[in-house]
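Contents: one structure, followed by commentary.
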Amino acid sequence: LWTTHTKSTADDPDASFSDDRLHHEGELVKEGHERKSWKTRQFKLFDSGHLRYYEKQQNGSNEPLKFKREISLRDCVIRDPKKSRSGRPFALRIEGLHDKLIIDPKTKENRCEWQQALERMRLAAAYASQSSNLHSAVF
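Each residue of the sequence shown is one higher than the one before, starting from 11 at the first, in the numbering used here.
What follows is the structure, given as structure tokens:
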């Protein structure tokens with residue numbers, strides 16, 4: 011499932027997930043959805059299997075990060091992009107039922123870290139969903 015928040019959403023959705031622990035975070039470059047330009051974003055991966063990214067603030071700014079989007083990894087596939095991206099040999103494709111996200115961790119080491127963290131949280135979210143469905147079916 012993909013969740014796109016609009017401008018009316020609070021700038022810090024992390025506040026509404028107080029029991030959702032941060033698992034991995036860092037700066038990645040992502041490919042734009044409509045225009046295929048690349049933009050630097052701050053990404054946060056949570057134990058719930060949600061990946062959130064934020065617009066990077068200007069240098070020296072004390073402003074909070076501006077929330078852009080949240081993605082549930084539960085039903086996603088994480089793999090190489092279908093087409094290679096020029097100058098982006100370490101790009102990853104996160105593909106959900108209705109959308110996709112292409113990220114570039116910039117180095118082989120960062121790609122390995124992010125791919126492992128994303129897979130771990132994707133599997134945990136899928137397992138939690140199945141356990142919840144099984145529990146609902148029993149009761």
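Glycine included, every Cβ here is placed at the ideal spot set by N, Cα and C.
inquiry  = What residue range does the beta strand (DSSP E) around Gly36 cover?
reply    = Against the sequence shown, residue 36 aligns to sequence position 26. Element bounds for Gly36: 32-41.
message = On the CB-based measure, 16 or more other CB atoms within 10 Å of its CB, does Gly42 come out buried or exposed?
response = For the purposes of this step, residue 42 is identified with residue 32 of the sequence shown, where counting begins at 1. Exposed is the label assigned to Gly42, since fewer than 16 other Cβ atoms lie within 10 Å of its Cβ.
task = Tell me whether the beta-carbon of Arg103 lies closer than 7 Å to the beta-carbon of Lys110.
result = Counting from 1 along the sequence shown, the entry for residue 103 is found at position 93. Counting from 1 along the sequence shown, the entry for residue 110 is found at position 100. The criterion of a C-beta distance shorter than 7 Å is satisfied by Arg103 and Lys110.
key: C-alpha gap between Ser96 and Ala138, whole angstroms   = Numbered from its first residue, the sequence shown carries residue 96 at position 86. Numbered from its first residue, the sequence shown carries residue 138 at position 128. Distance between Ser96 and Ala138, taken at the CA atoms: about 37 Å.
key: Coil, strand or helix - Leu185 by DSSP   = This structure leaves residue 185 out entirely; the chain is present only between 11 and 149.
N-terminal and C-terminal residue of the beta strand (DSSP E) that Lys54 is part of = Within the sequence shown, residue 54 is the residue found at index 44, counting from 1. First-last of the beta strand (DSSP E) with Lys54: 48-56.
query = Beta carbon of Ser82, beta carbon of His108: below 7 Å?
reply = Looking up residue 82 in the sequence shown gives position 72. Looking up residue 108 in the sequence shown gives position 98. Not closer than 7 Å, so no.
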